[in-house]
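So the number in my numbering is just where the residue sits in the sequence shown, counting from 1, plus 6.
Written out below as structure tokens is the structure these notes cover.
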Amino acid sequence: MGAGPAGLVLAHLLHLKGIDSVVLESQSREYLEHRVRAGVLEQGTADLLDAIGVGDRLRREGLVHEGIELQFEGERHRIDFPSLTGGRRITVYGQQEVVKDLIAARLETERPLLFEVTDVAVGGFESDSPTIRFGHEGEKIELRCDFIAGCDGSHGVCRESIPEGALTVFEREYPFAWLGILAAAPPSNDELIYAYHERGFALHSMRSPTVTRLYLQVRPDEDLDEWPDERIWDELERRLGLEGWTLNNGEITEKGVTGMRSFVVEPMQCGRMFLAGDSAHIVPPTGAKGLNLAVADVRVLAEGLAAWFENGDGSALERYSADVLRRVWRAEHFSWFMTSMLHRLEDGDAFDVKLQLAQLSYVCSSERAAASLAENYVGLEHV
Ligand code: APR
Ligand code: PHB
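This is the structure we're talking about:
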């Protein structure tokens, strides 16, 4: 269920193992291919997309980055990934581009991918034959399945269909949000800049040599109408600006406010239904982990399903939740750590500021502290 990164990568992995699946998606193809979301691929995510044959455009157009910069108290400090992580890097490539490549690959397999399905209901997952009922092109359809993969994101139906009491929810809301823009302007720096500033956090990212992606910390209830383009550029300039450095401006082509929260449900399975990606966990975007975690989940799930279909061995499926939750919680911690270190706390005091600055100067001056940040950022191989 769901044709985001989790559902599409899972379907492709199963296809490569000769296992049939039906992918159901409530939105249109057009919508999915243009929804602006995350953009950082860990080394392991990019390698997996390559290995399954959907990495051609990613290798051509993706921007390989060997570090990030942390900015505070008027200075930038570079964290170099390859030297701190045994040669690992990240690739900047928009999530909607990954989704485009995966949809094209799925359609090429001629296995089913149905867009704009309606009235989805899942049931019977505690039996041997779970069912999915849905509407498609005016018809009512019932699918009988061996398994259901709930890859339907944070507002999907799969998690909601699990009986109350079977899941435990772990949650944290943050008292701020990100106002994000896409601008038709060349990036002003070769690498991402994470800036801690007394007016609030700002992030300089990019999508291509001609498109910049920028974010500002704002209030969770921020009204976009109060942010004409000029105010956005002024605020970005204040928070990211340094002597001798200018922020390239350009037409703003996309503008939005996203709330920030941490959320995990345990276990990530109920009978023959497995949750993967955003349907089971949300991270604040500061660690750039959301898409990478979704891919890591389905990689484990595909192995478990293959063992079951190939030799009737259900042991890996039984362990699915426990196995993936170790990485999920590592990423939850890293995302919380980056978020707490870099954002201004509205009810924070001078003591909080001193602690944040102490942490920032530690990660920028101690090779061991920098290596810890770097290995989490590029993605841990074994968790
Ligand atoms: N039936 C079918 N599809 C559904 C339903 C439903 N009832 N509800 C939601 N969906 C679809 C959504 O339209 C969406 O396309 O499920 C898909 C879930 O995809 P994502 O939200 O992209 O989630 P996931 O694949 O887990 O990828 C996680 O998304 O939010 C980002 O930062 C996050 O990058 C991470 C990635
Ligand atoms: C992005 O480019 O959208 C992006 C980059 C880094 C983050 C979050 C978002 O931490």
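Quick reminder that beta carbons are idealized off the backbone N, C-alpha and C, glycines included.
Is residue i a contact residue of the ligand PHB, with contact defined as CB to any heavy atom under 8 Å?
i, result
"arginine 213", "yes"
"glycine 93", "no"
"valine 104", "no"
"valine 128", "no"
"methionine 45", "Strictly speaking, residue 45 in this sequence is glycine, with methionine absent from that position. Result yes, Cβ under 8 Å from the ligand PHB."
"leucine 198", "yes"
"leucine 209", "yes"
"threonine 259", "no"
"proline 192", "no"
"arginine 219", "yes"
"threonine 292", "yes"
"glycine 186", "yes"
"valine 98", "yes"
Cβ of residue i within 8 Å of any heavy atom in the ligand APR?
i, result
"cysteine 151", "no"
"serine 341", "no"
"glycine 159", "yes"
"serine 32", "yes"
"leucine 38", "yes"
"alanine 380", "no"
"phenylalanine 182", "no"
"phenylalanine 280", "no"
"phenylalanine 140", "yes"
"glycine 8", "yes"
"serine 372", "no"
"glutamine 101", "yes"
"valine 42", "no"
"serine 297", "Contrary to the premise, residue 297 reads as leucine rather than serine in this sequence. Under cutoff, so the answer is yes."
Ends of the beta strand (DSSP E) at residue i?
i, result
"glutamate 5", "Residue 5 is absent from the model: the chain starts at 7 and stops at 389."
"phenylalanine 269", "257-272"
"alanine 393", "There is simply no residue 393 to check, as the chain begins at 7 and stops at 389 in what is shown."
"tyrosine 200", "198-201"
"arginine 245", "First-last for arginine 245: 235-246, but that is the alpha helix (DSSP H), not the beta strand (DSSP E)."
"threonine 124", "124-129"
"histidine 339", "Premise fails: histidine 339 lies in the alpha helix (DSSP H), 321-348, not in any beta strand (DSSP E)."
"aspartate 86", "81-86"
"glycine 50", "Element bounds for glycine 50: not the beta strand (DSSP E) but the alpha helix (DSSP H), 49-57."
"threonine 137", "137-142"
Thinking residue i and residue j are a contact (beta carbons under 8 Å), I'd like their distance in whole angstroms, please.
i, j, result
"glutamine 77", "isoleucine 258", "Not confirmed; about 22 Å, so no contact."
"asparagine 264", "glycine 186", "Checking the displayed sequence, the identity of residue 264 turns out to be threonine instead of asparagine. Between glycine 186 and threonine 264 the Cβ distance is about 7 Å, and since that is below 8 Å, they are a contact."
"valine 334", "histidine 287", "5 Å"
"glutamate 39", "lysine 106", "5 Å"
"proline 136", "cysteine 151", "5 Å"
"threonine 162", "serine 327", "Residue 162 is actually glycine in this sequence, not threonine. So it is not a contact: roughly 17 Å between Cβ atoms."
"leucine 248", "alanine 155", "Leucine 248 to alanine 155, Cβ: 46 Å. No contact."
"cysteine 370", "alanine 376", "7 Å"
"glycine 45", "cysteine 157", "So it is not a contact: roughly 20 Å between Cβ atoms."
Going by DSSP, what residue range makes up the alpha helix (DSSP H) through residue i?
i, result
"glycine 13", "11-22"
"proline 181", "Counting along the chain, proline 181 falls outside any alpha helix (DSSP H), though it belongs to the beta strand (DSSP E) covering 174-190."
"glutamine 77", "Unbroken run through glutamine 77 is the beta strand (DSSP E), 73-78; no alpha helix (DSSP H)."
"glutamine 365", "356-371"
"glutamine 33", "First-last for glutamine 33: undefined, no H or E at that position."
"arginine 225", "Premise fails: arginine 225 is in no alpha helix (DSSP H) and is neither H nor E."
Could you tell me whether any Cβ in chain B is nearer than 9 Å to the Cβ of residue i?
i, result
"proline 11", "In the displayed structure, chain B is absent; only one protein chain is listed."
As a quick exercise: from the options, pick the residue whose alpha carbon is nearest that of residue i.
i, options, result
"leucine 14", "Asn382, Gly320, Leu297 and Val330", "Leu297"
"aspartate 229", "Lys261, Leu248, Glu204 and Arg219", "Lys261"
"glycine 73", "Arg94, Asp86 and Asp134", "Asp86"
"proline 273", "Leu47, Leu55, Thr51 and Arg165", "Arg165"
"valine 104", "Ala52, Ala57 and Ser133", "Ala52"
"phenylalanine 153", "Val163, Ser133 and Thr97", "Ser133"
"tyrosine 180", "Asp56, Leu348, Glu232 and Gly8", "Leu348"
"serine 89", "Glu338, Glu387, His388 and Arg374", "Arg374"
"isoleucine 58", "Asp329, His40, Ala322 and Ala17", "Ala17"
"phenylalanine 182", "Pro226, Phe340 and Gly93", "Pro226"
"arginine 41", "Pro193, Asp358, Asp319 and Leu188", "Leu188"
"arginine 178", "Val359, Gly354 and Ser341", "Ser341"
"glycine 385", "Ser327, Ser371, Val359 and Ala294", "Ala294"
"valine 4", "Phe269, Pro215, Leu351 and Leu108", "Shown here, the chain extends from 7 to 389; a query on residue 4 therefore has no answer."
"serine 194", "Trp239, Phe357, Leu253 and Met344", "Leu253"
"phenylalanine 207", "Gln223, His21, Met266 and Pro192", "Gln223"
"leucine 379", "Leu55, Ile25, Ala12 and Arg95", "Arg95"
"glycine 24", "Glu316, Ser372 and Arg350", "Glu316"
"valine 126", "Asp355, Leu47, Gln33 and Leu113", "Gln33"
"alanine 111", "Leu55, Phe131, Gly129 and Phe140", "Leu55"
"glutamate 381", "Gly45, Gly50 and Leu22", "Gly50"
### Message
Assess contact between the region 296-304 and the region 276-287, defined as three or more Cβ pairs (one per stretch) separated by less than 8 Å. Is contact present?
### Response
yes
### Message
Below 8 Å, how does it come out for the region 104-120 and the region 21-41: are there three or more Cβ pairs, yes or no?
### Response
In short, these stretches touch, since the Cβ pair count reaches three.
### Query
Hey, is the region 199-214 in contact with the region 232-250, meaning 3+ C-beta pairs nearer than 8 Å?
Yes, they touch.
### Message
I want to know whether the region 352-365 touches the region 320-337 - three or more CB-CB distances under 8 Å.
### Response
no
### Task
Take every Cβ of the region 60-70, pair it with every Cβ of the region 93-101, and state whether three or more of those distances are shorter than 8 Å.
yes
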